[in-house]
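The numbering of the sequence shown is the working numbering, which starts it at 183 and goes up by one. Backbone N, C-alpha and C define an ideal beta-carbon position, used for all residues, glycine too. Please read the structure below before turning to the comments.
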Amino acid sequence: AGTPINFLPPIEAIERIEVIRGPASSLYGSDAMGGVVNIITKRIHNEFGGSITAEYSMADSKNDVNEDGYQTSAYLNAPLIRDVLSLQLNGSFLHQDESQLIGEDDSGATDPRYRRSNAGGKLGWNIDEQNLVTFNYNEGRQRRWANPGKSLPQADDATFTDSIQRTYAITHEGRYGNLLSDSYINYDHSENLSRLNATTGEGIEYSVLTANTQATYFAGSHALTAGLTHKYEKLEDGASSGLREPVVADANAVVEMDRYQNSLFLEDNWSLTDALTLTLSGRFDDNQAYGSEFSPKVYAVYRLNDNFTLKGGVTTGYKAPALRQSATDYGATSRGGVIIGNPDLIPETSVNRELGIGYENFDLGLSSTLTVYQIDYEDKINRTGRICAQNVACTYNGTTYPAHQYGYTAYENVDEAELRGVEFTLDYQILDNLTYRHSYTYTSTEQKSGQYKGEPLNDVAKHMFNASLDWQASEKLNLWTQINYRGETSGRWQTGTSGSSSNGVTYPAYTFADVGLVYKPSRDLSLKFGIYNVTNKEVTTEEDFAYNLDGRRYVFGLTQNF
Numbered sequence: 183a184g185t186p187i188n189f190l191p192p193i194e195a196i197e198r199i200e201v202i203r204g205p206a207s208s209l210y211g212s213d214a215m216g217g218v219v220n221i222i223t224k225r226i227h228n229e230f231g232g233s234i235t236a237e238y239s240m241a242d243s244k245n246d247v248n249e250d251g252y253q254t255s256a257y258l259n260a261p262l263i264r265d266v267l268s269l270q271l272n273g274s275f276l277h278q279d280e281s282q283l284i285g286e287d288d289s290g291a292t293d294p295r296y297r298r299s300n301a302g303g304k305l306g307w308n309i310d311e312q313n314l315v316t317f318n319y320n321e322g323r324q325r326r327w328a329n330p331g332k333s334l335p336q337a338d339d340a341t342f343t344d345s346i347q348r349t350y351a352i353t354h355e356g357r358y359g360n361l362l363s364d365s366y367i368n369y370d371h372s373e374n375l376s377r378l379n380a381t382t383g384e385g386i387e388y389s390v391l392t393a394n395t396q397a398t399y400f401a402g403s404h405a406l407t408a409g410l411t412h413k414y415e416k417l418e419d420g421a422s423s424g425l426r427e428p429v430v431a432d433a434n435a436v437v438e439m440d441r442y443q444n445s446l447f448l449e450d451n452w453s454l455t456d457a458l459t460l461t462l463s464g465r466f467d468d469n470q471a472y473g474s475e476f477s478p479k480v481y482a483v484y485r486l487n488d489n490f491t492l493k494g495g496v497t498t499g500y501k502a503p504a505l506r507q508s509a510t511d512y513g514a515t516s517r518g519g520v521i522i523g524n525p526d527l528i529p530e531t532s533v534n535r536e537l538g539i540g541y542e543n544f545d546l547g548l549s550s551t552l553t554v555y556q557i558d559y560e561d562k563i564n565r566t567g568r569i570c571a572q573n574v575a576c577t578y579n580g581t582t583y584p585a586h587q588y589g590y591t592a593y594e595n596v597d598e599a600e601l602r603g604v605e606f607t608l609d610y611q612i613l614d615n616l617t618y619r620h621s622y623t624y625t626s627t628e629q630k631s632g633q634y635k636g637e638p639l640n641d642v643a644k645h646m647f648n649a650s651l652d653w654q655a656s657e658k659l660n661l662w663t664q665i666n667y668r669g670e671t672s673g674r675w676q677t678g679t680s681g682s683s684s685n686g687v688t689y690p691a692y693t694f695a696d697v698g699l700v701y702k703p704s705r706d707l708s709l710k711f712g713i714y715n716v717t718n719k720e721v722t723t724e725e726d727f728a729y730n731l732d733g734r735r736y737v738f739g740l741t742q743n744f
């Protein structure tokens, strides 16, 4: 609806978070080319209970980026008819005060005054022991105020955005012996309430309808999965697409776009021996605008012995341009200016090769993985840097656009690009009450064709390292610390003739360190305290970084279960 909306359920409503890589991600389609993160909410059950959480974030006096903020959330599970009908409710509210550091465009933006509310419910009906149906509804709203002299330069105009998103879903789970089925219909509808045409009252609305069904059948050494997906998107903009003047002659015209994509996927998870599993899968996508594509995949997992596992494979990926990325008469507005749609975009495809080895020893409390991978892209979709300077008229693809205070960016295809990397993870339970974890990733990228042949892809860090230490000091007290390192990062490479200051720039590395504790005076009450960015490392555009990131802040919180 003209602005991104990110509504997550309250943490209390989340059962687990899955990170899926390798062949399994093919079941999720073009949005999962690099893997997929699944947020699994808690299943309905027969126990009455819930929780309430409150947190307050206080900025340090030397923190020039952030101001204070707070958030609350609640979760409730209530059985209505034991083993038959159950209800879950959840809600949350977040408030963030406006930053006093003047931001720039998208990457350099600082916090506006920000409020987000979210409420939802799920009704679960166990029809019988084999069939479960759930009905879901969720509504979220976010509002942002940005003011000159605070998060905006003094000469800019104040901005206000008000967006609402409603989600309706119905799901079915079937368990019929060796056959498992999962189906859902999900409808998302978003509106930008802060952009209305003064004459017609028309606004900006974006909706997505997704229908998905898949079934898995266990037949001896085979686990066979098949599924179908239908996705339909529609955008209606009767307010301002960012390109309305002078591109659209009728100021009251409604820009309408829609598109569908149908997909079929098949997978065979084949246990050749007790030690060797081979996964063969394929996905066929038929896109209304871009035609069809078949993406095969092969992946193997071989258990060498009780401790070592070898895995690897070759997968292919397909990603069609998003509806707004390729629109000829629509421009998404943001703090980064106007993002112009590029009708010449074509789908992005890739070939992904991966080889890894894993080690696990329960007696030592040690597990580790080492993975090397290479991804060869064709027609990778990149957002450009500024194609025209700020506050001047912009001519792009033969069309002239009016001056904008933050300029214009666009999307382009990089004909050929390569990404190579190494990932190393380690989990070590040093003592029964002391656990160390880390993840390190090295990534090298290169554009293999085009104007910037030999240069890296946009916004990719060569080195990433995250480590944490968790100490259960006593039955009631847990102490933790974590370190996050991001190495030098390439800037955006721009195809225009007049604008991006990020061309050829490498942004410096930075490290954040956090510490905190959780104290449980009783089984159902948790008190939390954390210091984030302990050293108050200044990662701002004033210090030659690409972004303005949070300074030192103190977070106080509590959770009461019942």
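The criterion of a C-beta distance shorter than 9 Å is satisfied by residue 299 and residue 323. When the beta-carbon positions are compared, residue 493 and residue 538 come within less than 9 Å of each other.
The beta-bridge partner set that DSSP reports for residue 231 consists of 259. Residue 369 and residue 389 have their C-alpha atoms roughly 7 Å apart. For the options 193, 360 and 256, the alpha carbon positioned closest to that of residue 404 is the one of 360.
Note on geometry: alpha-carbon atoms of residue 460 and residue 454 lie some 7 Å from one another. Annotation: residue 729 to residue 470 spans about 37 Å, alpha carbon to alpha carbon. In this structure residue 561 is not in contact with residue 248, their Cβ atoms being roughly 39 Å apart against a cut-off of 8 Å. Taking a contact as a CB-CB distance under 8 Å, the pair residue 569 and residue 551 does not count as one, their CB atoms being some 41 Å apart.
Across the set 337, 446, 354 and 554, the C-alpha of 354 shows the shortest separation from the C-alpha of residue 309.
Inter-residue distance for residue 589 and residue 575 is about 9 Å (C-alpha atoms, whole angstroms).
Residue nearest to residue 231 within the set 706, 712 and 722 is 706 (criterion: CA-CA distance).
In this structure, the straight-line span from the alpha carbon of residue 509 to that of residue 586 is close to 19 Å.
By the 16-neighbour rule on beta-carbons within 10 angstroms, residue 579 is exposed. Taking 8 Å as the upper bound for CB-CB distance, residue 641 and residue 671 are in contact here, some 6 Å apart.
The beta carbons of residue 709 and residue 739 sit closer together than 9 Å. By the beta-carbon neighbour count (other beta carbons within 10 angstroms, threshold 16), residue 543 is exposed. Rounded to whole angstroms, the separation of the alpha carbons of residue 547 and residue 439 is 54 Å. Residue environment for residue 437: buried (at least 16 other C-beta atoms within 10 angstroms of its C-beta). Residue 244 and residue 688 have their C-alpha atoms spaced approximately 27 Å apart.
By the neighbour-count criterion, in which 16 or more other beta carbons inside 10 Å mark a residue as buried, residue 613 falls on the exposed side.
Measuring C-alpha to C-alpha distances from residue 599 to each of 223, 533 and 656 identifies 533 as the nearest. The shortest CA-to-CA distance from residue 654 to any of 482, 643 and 611 is the one to 611. Around the CB of residue 458, fewer than 16 other CB atoms lie within 10 Å, so the residue is classed as exposed. Cβ neighbours of residue 416 within its own chain (closer than 6 Å, five residues either side excluded): 389 and 440. According to the DSSP assignment, residue 375 belongs to no beta strand (DSSP E), since it is labelled neither H nor E. Collapsing the DSSP output to three states places residue 497 in a strand. With respect to the 9 Å criterion, residue 311 and residue 295 are not classified as neighbours on the basis of their beta carbons. Scanning the region 340-367 for uninterrupted beta strand (DSSP E) segments of 3 residues or longer gives 341-358, listed from N- to C-terminal end. In the structure shown, residue 292 falls within a coil segment according to DSSP collapsed to helix, strand and coil. Within 10 angstroms of the beta-carbon of residue 507 lie 16 or more other beta-carbons, which makes it buried. Judged by DSSP secondary structure, residue 586 falls outside any beta strand (DSSP E); it is assigned neither H nor E. Restricting attention to 237, 197 and 246, the CA atom closest to the CA of residue 719 is found in 246.
Rounded to whole angstroms, the gap between the alpha carbons of residue 391 and residue 618 is 43 Å. Boundaries of the beta strand (DSSP E) harbouring residue 624: 616-629, taken from the DSSP string. For residue 252, the closest alpha carbon among the candidates 305, 241, 632 and 261 is that of 241.
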